[in-house]
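In what follows, a structure is listed as structure tokens, so that the remarks can point back to it.
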Amino acid sequence: MEQTALNELKSILNDTESGSAEILEKINSFIITHNYKLSELKSAIKEIDTQFPLFAGIQTYLLELYSLLASNSIDEIVRFAKKFNSDLKAKFKRIYQNAQFILQNHNRIISISNSHTLFKYFQFAQNNNQKFAIFILESQPCGEGKTFYSKLKSIEIDAKLREDSQLKETVQQIDAAIIGCDMISESGFVVNKIGSRHLAEECRDFNKPFYVLGDNSKIISDKTLMQKINHSSKTIRGELFEIIEKDLITQIITD
């Protein structure tokens, strides 16, 4: 595999700041962009699979790739990746369309971490002349909230960065909390970065709605979700995630 491809793969595997949807976009772009042997691609997919067990959207995508690898056709895999890229853009638009009427009266928002799905929602909403004041928690220990804040500022959305210690006072100033997620269980609880549950609890205590956005590829059975949580809990990456119970969630909005 060429060095530029190896460097990009390493960057993907070490990414602790991007949300799962954004990492999935990077994986898909990696498959489309680079030249590689089939054996090299198989090895790369195994590495990605091992690194991201808690990202249900990525796991769903990899299952498709594993089935295509049996065909031994790189051309077929690239065709799949190109179609997936188009389908992913359509998913983001459908999530926005499903969410806009539910969220249209919530203009003062708090969020956490760095959700690509949520970024796309705000981007669509802004293009439709909806105005926001968005408070982003820094989201320690990795500080992904700082990245999300910078991304929102880059498209001229009124974003304000808050330290995690300011969570309670900030919740009292907002209309709603909106987060992305990495997994959605069939029974209605979700998995997201640590700090999300605390945010949900504060929203409950101050009677603020708590919404979750995520595409349908992130929905898995309760049993599978718990197996993934238990398997990953002893890893450094696994320690960065937590469950948000369904009674803390106002609504999950998907495509």
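Heads up: take any position in the sequence shown, counting from 1, add 377, and you land on the working numbering.
We treat Cβ as the ideally placed atom computed from N, Cα and C, and that holds for glycine.
Within 10 angstroms of its Cβ, does residue i collect 16 or more other Cβ (buried), or is it exposed?
i, result
"leucine 431", "buried"
"isoleucine 613", "Note on isoleucine 613: pLDDT 44, under 50, position unreliable in the model; no value is reported."
"glutamate 399", "buried"
"serine 598", "exposed"
"asparagine 506", "exposed"
"isoleucine 630", "buried"
"isoleucine 532", "exposed"
"leucine 529", "buried"
"serine 450", "exposed"
"leucine 415", "exposed"
"glutamate 579", "buried"
"aspartate 592", "buried"
"alanine 447", "exposed"
"lysine 508", "exposed"
"lysine 545", "exposed"
"lysine 460", "exposed"
"glutamine 436", "buried"
"tyrosine 473", "buried"
"leucine 439", "buried"
Helix or strand or just coil, what does DSSP make of residue i?
i, result
"leucine 590", "strand"
"asparagine 505", "coil"
"alanine 421", "helix"
"lysine 466", "helix"
"aspartate 624", "helix"
"leucine 390", "helix"
"asparagine 384", "helix"
"glutamine 550", "coil"
"alanine 447", "coil"
"lysine 585", "coil"
"lysine 459", "helix"
"glutamine 604", "helix"
"serine 492", "coil"
"glutamine 481", "coil"
What span of residues does the beta strand (DSSP E) with residue i cover, start to end?
i, result
"leucine 514", "510 to 514"
"isoleucine 620", "618 to 621"
"leucine 431", "It is not in any beta strand (DSSP E) - leucine 431 carries neither H nor E in the DSSP assignment."
"glutamine 517", "Careful: glutamine 517 lies outside any beta strand (DSSP E) and carries neither H nor E."
"aspartate 632", "It is not in any beta strand (DSSP E) - aspartate 632 carries neither H nor E in the DSSP assignment."
"isoleucine 556", "553 to 556"
"serine 488", "485 to 488"
Please report the residue range of the alpha helix (DSSP H) in which residue i lies.
i, result
"isoleucine 571", "Isoleucine 571 -> no alpha helix (DSSP H), and no H or E assigned at all."
"isoleucine 409", "397 to 410"
"phenylalanine 525", "521 to 531"
With DSSP as the reference, please indicate the residues paired to residue i in a beta bridge.
i, result
"lysine 537", "Phe512"
"isoleucine 472", "Paired residue(s): none; isoleucine 472 is not in a bridge."
"methionine 560", "Val568"
"isoleucine 596", "Ile561"
Quick one: any contact between the stretch 581 to 600 and the stretch 541 to 553, if contact means 3 or more CB pairs under 8 Å?
-> Because the criterion of three Cβ pairs below 8 Å is met, the stretch 581 to 600 and the stretch 541 to 553 touch.
The stretch 378 to 388 touching the stretch 494 to 512, judged by at least three CB pairs closer than 8 Å = no
Quick one: any contact between the stretch 487 to 495 and the stretch 522 to 529, if contact means 3 or more CB pairs under 8 Å?
-> yes
Is the stretch 465 to 473 touching the stretch 492 to 506, taking contact as three or more C-beta pairs under 8 Å?
-> yes
Are there three or more Cβ pairs, one per stretch, closer than 8 Å when the stretch 554 to 565 is compared with the stretch 425 to 444?
-> yes
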